[in-house]
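Chains as they are written, first to last, in the working numbering: chain C, 9 to 347; chain P, 9 to 347.
For every residue, glycine included, the Cβ atom is placed at its ideal position computed from N, Cα and C.
Shown next, in structure tokens, is the structure this report addresses.
2 protein chains.
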Amino acid sequence: MASIKDVAAEAGVSVATVSRVLNDHPSVSADARTRVLAAVETLGYRPNAVARSLRTDQTHTLGLVISDVMNPYFTELARSVEEEARALGYSVIIGNADERPDLQDHHVRTLLDRRIDGLLVSPTDGGSPLMLDAARAGTPMVFVDRWIPGVDVPVVRADGRSAVRDLVAHLHRLGHRRLAIIAGPAATTTGRERVEVFREALGAYGLELPDAYIGQGDFQAESGRLVTEGFLDLADPPEVVFAADNLMALGALDAVRARGLRVPDDLALAAFDDIRWFVHTDPPITAIAQPTGELGRAAVRALVDRIEGRPGESVTLPARLVVRRSCGENSTPVQRSTT
Amino acid sequence: MASIKDVAAEAGVSVATVSRVLNDHPSVSADARTRVLAAVETLGYRPNAVARSLRTDQTHTLGLVISDVMNPYFTELARSVEEEARALGYSVIIGNADERPDLQDHHVRTLLDRRIDGLLVSPTDGGSPLMLDAARAGTPMVFVDRWIPGVDVPVVRADGRSAVRDLVAHLHRLGHRRLAIIAGPAATTTGRERVEVFREALGAYGLELPDAYIGQGDFQAESGRLVTEGFLDLADPPEVVFAADNLMALGALDAVRARGLRVPDDLALAAFDDIRWFVHTDPPITAIAQPTGELGRAAVRALVDRIEGRPGESVTLPARLVVRRSCGENSTPVQRSTT
DNA sequence: CCCGTCGATGTAATCGATTCCACGAGCACC
DNA sequence: GGTGCTCGTGGAATCGATTACATCGACGGG
């Protein structure tokens, strides 16, 4: 592979001049410039990004450590992150933590070793020393979707409070009174928060959220299945299950189906995170939709702001309720899905 | 960020010795080794992968250029690729081409600029000069899922021939005679091949595949919807639509639903690529399942073989039919889904 | 006792870029 | 005509690692 030296030789100039042409520095003669460009062309030269990064201490690369790529919500997030980053001249390296703190750490470490310019994280846990140290040491960093309290890092996320209130109103209107939730891991903000918001919304209708109706999931489908099995085995099973993410809703669907029961007649179902497939499941699933693409883009903008020395602020965007048929038929739709 | 020099100073040795300890070279005294390791610990030193790559001309990184991350099939592929690569000591940088040749080229270019050790590609088109040149120049490369004919690069893919035969047998047994296909782009091997295989299988039952029953899609949901609309508008519409990938099947579902029709009564549906959601759609969708995880792993192994100087061979694995209810009820299942 | 070998270590070149500094030519101004 | 600028250019240092080569001391064999 041709190097800058080869180009310099071919063009009959020094490497300094070649570098100037490539970085369009003003003081290069028109003659030298054309000769260099010709040499670049004939040699098929492309600058070595590794060498450049070593010298400039910039990689123009962002790291994205995501909880679970197989979760469509995060897939979409990753996609929007890459798009916005590309528009701003950055590449993205994605690390999939698979909801495992050790894998998360592995990815943070290799990304840091590669000297990425900034890190976008959706933390799987409360934060390893590695990550906290990196944040403290000033590595540009932004949390997206989930965050770690007490760490001075901008957070870009959706606020589901009002959408969950709308959901509970919807469920109450349909006559449901025994409402259960499949929660995410307590180590994550979204795992805890969604339970609290749900409990609060229930309170507004004079309803309780008993411990038996709080199932502990891990944001993966299998846990949703198990928790739902547990709910169905209760002496007094819930009428509705609210899954704190889309995969656990899928697991809940599996559990209901395995028993030969029907949604919503035997058990109503709602989920946090809206995804395309929810329109086509049997029945279509009522969900709380996050502005996923907007979150990804805002997170990248905040991170790049930090990297380039600007403030870089937290952003919170509202989620909204999308009513479908999984909680009962006779609803007055709060809002129709347009997808 | 501490460099190897700082460690050397802290430990009271030369940088050479530090480097030897880090790469566990045999001739280092036990004393020096412990002093260096202590220094590494106190400084929190991590070697700079950029500098190391420049010197060794290896990045221990693979590039994966994929047609569309939002397609669950490719998401799963990406995931298995990353897993296997990690097990072999490599990182993966994913580039999402979104079925756009220009984006594909963009990613190939930046990956090459970063001097990745090898490239895994699922080409969106017949191959740009850039990619062909890279292959010819000896960049370790492997095609996965799709490939470019006439290029000397190993191919890792699934063979759907026998599964498609099983599918057609299944459809024929259910009494369907007018079978249509939503094809992928002719610029891709899978786009062309699936049509041919389907036509061949129909031939075995004395059935034809008229041009009117070949819809041109682009592997994205929207095209599946449009093509299906077209089919439904025909004077003599097909009884079955076979979508060449899962997203176009989703689009077909949209089209059927928009007209208030039912699957399979008004139109039967089958798809290439099996995904989790197909179990829960209304109705569950009959599909041809690829051994996706195995493909990803095999592709990585072939690529790493090439990188490390071993042969690196093509692999073809069989796909299999998974019968569900989207083509009709009274089937004798060829194979049950276990998902 | 001397020489060859081996083990531990340091010095310095190297990878491919960027960039500071010096230098010479050309030009304008006084 | 000399002085001082600007402009274009090249030499060389630099980024942080790896590694060939040189060096030096200890040790064993003849």
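Subject >> Per-residue contacts from P55(P) into chain C (C-beta, under 8 Å) >> reply: Neighbours of P55(P) on chain C, chain order: D121.
**OP:** Specify, as a first and last residue, the run of the alpha helix (DSSP H) that I315(C) falls within.
**Re:** For I315(C), the enclosing alpha helix (DSSP H) has its first and last residue at 300-315.
Original post:
When the Cβ atoms of the region 136-145 of chain C are set against those of the region 49-62 of chain C, are three or more pairs found closer than 8 Å?
Top reply: Output reads no: the region 49-62 of chain C does not touch the region 136-145 of chain C.
**OP:** Would you grab the beta carbon distance between L45(C) and V21(C) for me? Rounded to a whole angstrom, and I think it's under 8 Å.
**Re:** Contact between L45(C) and V21(C) is absent: CB atoms are separated by about 11 Å, not below the 8 Å threshold.
**OP:** Rounded to whole angstroms, what's the CA-CA distance from E241(C) to A260(C)? Just pull it up for me.
**Re:** Checking the displayed sequence, the identity of residue 241(C) turns out to be Asp instead of Glu. Their Cα atoms are separated by approximately 13 Å.
Subject >> Below-9 Å beta-carbon distance, V77(P) vs any chain C residue >> reply: In terms of beta-carbon proximity, V77(P) lines the interface with chain C, with at least one pair separated by less than 9 Å.
Subject >> Sequence-distant residues of the same chain with beta carbon closer than 8 Å to G126(C), five excluded per side >> reply: Closer than 8 Å at Cβ, skipping near neighbours: L70, G71, T147, P148, M149, V150, L311, V312, R314, I315.
**OP:** Check each candidate in V164(C), Y81(C), V248(C), A145(C) and name the one with the smallest Cα separation from R309(C).
**Re:** Its Cα nearest to that of R309(C), the residue V164(C) stands out among V164(C), Y81(C), V248(C), A145(C).
Original post:
Which of helix, strand or coil does DSSP assign to F82(C)?
Top reply: It is helical.
Original post:
Which of the three DSSP states, helix, strand or coil, is assigned to D167(P)?
Top reply: D167(P): strand per DSSP, three-state reduction.
Subject >> Three CB pairs or more closer than 8 Å across the region 92-104 of chain C and the region 46-54 of chain C >> reply: These segments do not touch.
**OP:** Would you kindly check if the distance between the Cβ of E247(P) and the Cβ of R186(P) is under 9 Å?
**Re:** Annotated as proximal: R186(P) and E247(P), with beta-carbon spacing under 9 Å.
**OP:** Please name the residue or residues paired with M149(P) in a DSSP beta bridge.
**Re:** Beta-bridge analysis with DSSP links M149(P) to L127(P).
**OP:** Going by CA-CA distance only, name the one from A212(C), R200(C), P162(C) that's closest to I222(C).
**Re:** Of the candidates A212(C), R200(C), P162(C), the one whose C-alpha sits nearest the C-alpha of I222(C) is R200(C).
Original post:
If you pair each beta-carbon of the region 214-231 of chain P with each one of the region 191-200 of chain P, do three or more pairs fall below 8 Å?
Top reply: Contact between the region 214-231 of chain P and the region 191-200 of chain P is present, because at least three Cβ pairs lie under 8 Å.
**OP:** Using alpha carbons as the reference points, say which of F250(C), H33(C), G317(C) lies closest to G232(C).
**Re:** If you compare the alpha carbons of F250(C), H33(C), G317(C) with that of G232(C), the shortest gap goes to F250(C).
Original post:
Helix or strand or just coil, what does DSSP make of Q112(C)?
Top reply: Helix, per DSSP.
Original post:
Is A2(C) close to chain P, meaning its C-beta is less than 9 Å from at least one C-beta of that chain?
Top reply: Outside the displayed range of chain C (9 to 347) lies residue 2(C), so it cannot be described from this structure.
Original post:
For the beta strand (DSSP E) that contains R328(C), what are its first and last residues?
Top reply: That run of the beta strand (DSSP E) goes 328-330.
**OP:** Under 8 Å by Cβ, that's how I've got V161(C) and A307(C) pegged, so tell me the actual separation to the nearest angstrom.
**Re:** Actually they are not in contact, since the Cβ atoms of V161(C) and A307(C) sit about 11 Å apart, beyond 8 Å.
Original post:
Do you know offhand how far R117(C)'s Cα is from R173(P)'s?
Top reply: For R117(C) and R173(P), the distance between alpha carbons rounds to 48 Å.
Original post:
Pick from K13(C), A10(C), L329(C): whose alpha carbon is nearest that of V176(C)?
Top reply: Measuring from the Cα of V176(C), the nearest candidate turns out to be L329(C).
Original post:
Tell me, which residues are paired with I156(P) by DSSP?
Top reply: In DSSP, I156(P) forms no bridge with anything.
**OP:** Below 8 Å between beta carbons is the criterion; list the residues of the region 101-131 of chain P that meet it against any residue of chain C, in chain order.
**Re:** Answer in chain order: I101, I102, N104, H114, R117, T118, L120, D121, R122, R123.
Subject >> Straight-line gap, G336(C) to I102(P) (C-alpha atoms, nearest Å) >> reply: Looking at the backbone, the Cα of G336(C) and that of I102(P) are separated by about 42 Å.
Original post:
Ordered along the chain, which non-local residues of its own chain (more than five positions away) have a Cβ less than 7 Å from that of T346(P)?
Top reply: Per-residue confidence for T346(P) stands at a pLDDT of 46, beneath the threshold of 50, marking its modelled position as unreliable; no derived number is given.
Subject >> Residues near A188(P) by beta carbon distance below 6 Å, same chain, minus five either side >> reply: Beyond the five residues adjoining it in sequence on each side, A188(P) comes within less than 6 Å, by CB distance, of Y221, F239, P246, V249 in the same chain, given in chain order.
Original post:
Three or more C-beta pairs closer than 8 Å, one from the region 315-326 of chain P and one from the region 273-291 of chain P: is that the case here?
Top reply: Because the criterion of three Cβ pairs below 8 Å is not met, the region 315-326 of chain P and the region 273-291 of chain P do not touch.
Original post:
Rounded to a whole number of angstroms, what is the C-alpha to C-alpha distance between V129(C) and V73(C)?
Top reply: Take the alpha-carbon of V129(C) and the one of V73(C): they are about 5 Å apart.
Original post:
Do you know offhand how far L120(C)'s Cα is from P131(C)'s?
Top reply: The alpha-carbon of L120(C) is positioned some 16 Å away from that of P131(C).
**OP:** Taking D282(P) and A263(P) to be in contact with their CB atoms under 8 Å, please state how far apart those CB atoms are, rounded to whole angstroms.
**Re:** Not a contact, Cβ separation roughly 21 Å.
Original post:
What is the rounded straight-line gap between the Cα of H115(P) and the Cα of Y213(C)?
Top reply: Looking at the two C-alpha atoms, the distance is approximately 53 Å.
Original post:
Could you give the distance in angstroms between the alpha-carbon of Q66(P) and the alpha-carbon of R122(P)?
Top reply: Spanning the two alpha carbons is a distance of roughly 10 Å.
**OP:** Closer than 6 Å by C-beta to P272(C): which residues in its own chain qualify, once you throw out the five before and the five after it? Chain order, please.
**Re:** Shown here for P272(C): same chain residues with a beta carbon closer than 6 Å to its own, the five before and five after excluded, namely S334, C335, G336 in chain order.
**OP:** Anything in chain P within Cβ reach of L261(C), meaning under 7 Å, just list it in chain order.
**Re:** Against L261(C), the close residues of chain P are H288, in the order they occur along the chain (beta-carbon pairs closer than 7 Å).
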